[in-house]
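When we follow our numbering, the leftmost residue of the sequence shown carries the number 985, and every step to the right adds one.
Beta carbons are placed, not taken as given, at the ideal position from N, Cα and C, and that holds for glycine.
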Amino acid sequence: MTETPTLTADAYEREAEAELILWRSKMLRGPSAWDKATRGVQDRIIRVIPEKVHEVVTSAMSGLTRAILTGSEFANPRPLLTGSLAEREARVKAAIDDYRKGAAIEGGVAGAGGFLLAAADFPILLGIKIKLLFDIAALYGHQTEHIGERRFILTIFQLAFSSARHRAEVLEALESLARADLADDAAMEGFDWRRFQQEYRDYIDLAKLAQLIPVIGAPVGAAANWWLLDQLGETAMGAYRTRWLARP
């Protein structure tokens, strides 16, 4: 069998740019019929889920924001300083695959344990997601100790888990940051923490609800965690491609 020839660095970037156009179009789509149909269901779900679960999610989100701001809970991986976009993204894709597998295992275990263990999965999954984003940032060559870089990471997270009604607005903010000097510590000014937390909670409520149901919780938890990490990885690649292709 003839092996597929490896793309040159320039050819890979051209292909990445074409894929970026498609990704951006996907991000700008309005609410689908499914989104509209499930909104009312989701509102009812939020009322049915035990208050203890809501408290865990709220506490986890508050802890996440503190950790991002202080850097006390997330190590700053060493940035990859050399390498083409193709070389970097080969490593990014491998990292996403590893994190997906780990999150799926963790979600399956949590889903088998009933309400309390499934609720405990929320903060654990949050940590996995942010660690993945820190690793991806470093593989694209960025210094995650800079507050501006962390703002970019939070914006990626927000874009990945925003509703269709808000994605266009978040994408605009991300593209503005992609063209900015993120070494500027003032980059955190104006970030809407309350909306960030609310959007994530609403998005996750529907995706993770079935994990709380006995018997089916384990397979659903594994599948949901895999899908959520896959969604985050795809969004992160789109975001960092935007920065890469916008560079001078």
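Check your understanding: To the nearest whole angstrom, what separates the beta carbons of I1080 and L1116, a pair I think is in contact under 8 Å?
Key -> Mapped onto the sequence shown, residue 1080 falls at position 96. Mapped onto the sequence shown, residue 1116 falls at position 132. Confirmed, about 7 Å.
Check your understanding: Applying the criterion that 16 or more other CB atoms from any shown protein chain within 10 Å of the CB defines a buried residue, is A1122 buried or exposed?
Key -> Taking the sequence shown and counting its residues from 1, the one referred to as residue 1122 is at position 138. Result: buried.
Check your understanding: Which class does G1111 belong to by DSSP, given the choice of helix, strand or coil?
Key -> For the purposes of this step, residue 1111 is identified with residue 127 of the sequence shown, where counting begins at 1. G1111 falls in the helix class under three-state DSSP.
Review point. Looking only at its own chain, which residues have a Cβ that is under 6 Å from the Cβ of A1144, when we skip the five neighbours before and after it?
Key: Taking the sequence shown and counting its residues from 1, one reaches residue 1144 at position 160. Cβ neighbours of A1144 beyond the five flanking positions: Q1215, L1216 and T1219.
Check your understanding: Is it true that the CB of L1064 sits closer than 8 Å to the CB of E997?
Key -> Taking the sequence shown and counting its residues from 1, the one referred to as residue 997 is at position 13. Taking the sequence shown and counting its residues from 1, the one referred to as residue 1064 is at position 80. Contact: no.
Review point. Do you know offhand how far G1086's Cα is from F1136's?
Key: As a first step, residue 1086 is located in the sequence shown; it is residue number 102 there, counting from the start. As a first step, residue 1136 is located in the sequence shown; it is residue number 152 there, counting from the start. Computed Cα separation, rounded: 24 Å.
Review point. Roughly how far, in whole angstroms, is the beta-carbon of L1158 from the beta-carbon of I1131, given that I think they are within contact range, below 8 Å?
Key: The sequence position of residue 1158 within the sequence shown is 174, counting from 1. The sequence position of residue 1131 within the sequence shown is 147, counting from 1. Not really, about 16 Å apart at Cβ, beyond 8 Å.
Review point. Can you give the Cα-Cα distance for A1002 and S1009, rounded to whole angstroms?
Key: Numbered from its first residue, the sequence shown carries residue 1002 at position 18. Numbered from its first residue, the sequence shown carries residue 1009 at position 25. If you take the alpha carbons of A1002 and S1009, they lie about 11 Å apart.
Check your understanding: From V1076 to I1120, what does the alpha carbon distance come to, in whole angstroms?
Key -> On the sequence shown, position 92 is the one that residue 1076 refers to. On the sequence shown, position 136 is the one that residue 1120 refers to. Cα to Cα, V1076 sits roughly 6 Å from I1120.
Check your understanding: Which word fits H1150, buried or exposed, when buried means at least 16 other C-beta atoms lie within 10 angstroms of its C-beta?
Key -> Translated into positions along the sequence shown, residue 1150 becomes position 166. With fewer than 16 other Cβ atoms within 10 Å, it is exposed.
Point to revise | Limits of the alpha helix (DSSP H) - the one that F1136 falls within | key: Translated into positions along the sequence shown, residue 1136 becomes position 152. Run containing F1136: I1131 to A1144, per the alpha helix (DSSP H) assignment.
Review point. Skipping 5 residues on each side, what residues in its chain have a beta carbon closer than 6 Å to that of L991?
Key: Your numbering for residue 991 matches position 7 in the sequence shown. Excluding positions up to five away in sequence, the list is empty.
Check your understanding: Using CA coordinates, which residue listed in R1134, R1013 and R1084 is at the minimum distance from D1165?
Key -> Taking the sequence shown and counting its residues from 1, one reaches residue 1165 at position 181. Residue R1134 is the option with its Cα nearest to D1165.
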